[in-house]
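Structure, as structure tokens:
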Amino acid sequence: MGPTHETCAELLRPLRAMLGLKQVAMQRGQFTAEHVPYAAAGLLAELVFRGECRALDLAHHRIVDASVVSRQVGQLEHAGLITRRPDPADRRVALLRATPDGERAVAELERRKAEWIGAALAHWDDDKVRELARLLGEAMDDIRRYTINDGVCAAGSVTKEGTR
200 MGPTHETCAE
210 LLRPLRAMLG
220 LKQVAMQRGQ
230 FTAEHVPYAA
240 AGLLAELVFR
250 GECRALDLAH
260 HRIVDASVVS
270 RQVGQLEHAG
280 LITRRPDPAD
290 RRVALLRATP
300 DGERAVAELE
310 RRKAEWIGAA
320 LAHWDDDKVR
330 ELARLLGEAM
340 DDIRRYTIND
350 GVCAAGSVTK
360 EGTR
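Sequential numbering of the sequence shown, starting at 200, is according to the numbering used here.
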């Protein structure tokens with residue numbers, strides 16, 4: 200049956216607040232690096248964690264339009280944070296990979312974020328943080344799977360549950 204509409208609405212409130220806090224932290228420079236384009240930092244991190252892949256795969260995983268990824272790839276490539284090479288399986292397509300500078304930039308950004316979260320949650324113990332990480336990870340996996348595969352297509356129509 201799943202959770203009720205009211206329960207899901209309760210979940211949306213802290214999620215919105217969390218996203219808002221992330222924006223505040225980014226605006227204050229807590230999540231930025233000098234040579235990493237602000238809008239492309241998430242894509243760079245995705246490349247570091249996923250490894251070499253196609254731009255279309257990144258767009259699909261991040262649930263954004265390919266044109267968004269294309270713009271960000273150009274910014275990151277111009278900054279020397281990623282490289283591209285022809286895909287041996289299909290030479291019309293490029294494989295993207297973070298450069299050592301890109302990997303160092305992401306490591307620094309991740310360190311800053313972990314310090315920020317650690318300071319904010321100083322009164323929490325490791326077990327509580329791990330449980331939150333596990334639950335959020337499960338939720339995001341299910342939401343991503345539903346959004347990409349099961350229910351909602353890029354145009355915003357519901358595919359298996361009916362139409363809008």
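Note that CB positions come from ideal geometry on N, CA and C, so glycine has one too. Note that this is a predicted model, so its numbers are computed, not measured.
Nearest-angstrom Cβ-Cβ length linking residue i and residue j, presumed shorter than 8 Å
i: Leu294; j: Asp286; result: 5 Å
i: Ile262; j: Arg343; result: 7 Å
i: Ala306; j: Gln271; result: The pair is not a contact, with the Cβ atoms about 19 Å apart (cut-off 8 Å).
i: Ala224; j: Trp315; result: 6 Å
i: Val328; j: Leu334; result: Their Cβ separation, rounded to whole angstroms, is 11 Å, which puts Val328 and Leu334 out of contact at 8 Å.
i: Leu331; j: Ala240; result: About 23 Å separates the two Cβ atoms, so there is no contact after all.
i: His204; j: Ile347; result: Contact flag wrong, Cβ pair sits at about 23 Å.
C-beta atoms of residue i and residue j nearer than 7 Å
i: Leu243; j: Gly301; result: yes
i: Leu257; j: Glu276; result: no
i: Ala254; j: Val235; result: no
i: Leu247; j: Ala297; result: The residue asked about is misnamed: residue 247 is Val in this sequence, not Leu. For Val247 and Ala297, yes; Cβs fall inside 7 Å.
Secondary structure of residue i, DSSP reduced to three states
i: Leu308; result: helix
i: Ala288; result: coil
i: Ile347; result: helix
i: Glu205; result: helix
i: His260; result: helix
i: Trp323; result: coil
i: Met200; result: coil
i: Pro236; result: coil
In DSSP terms, what residue i is bridged to
i: Thr282; result: Arg296
i: Arg253; result: Leu294
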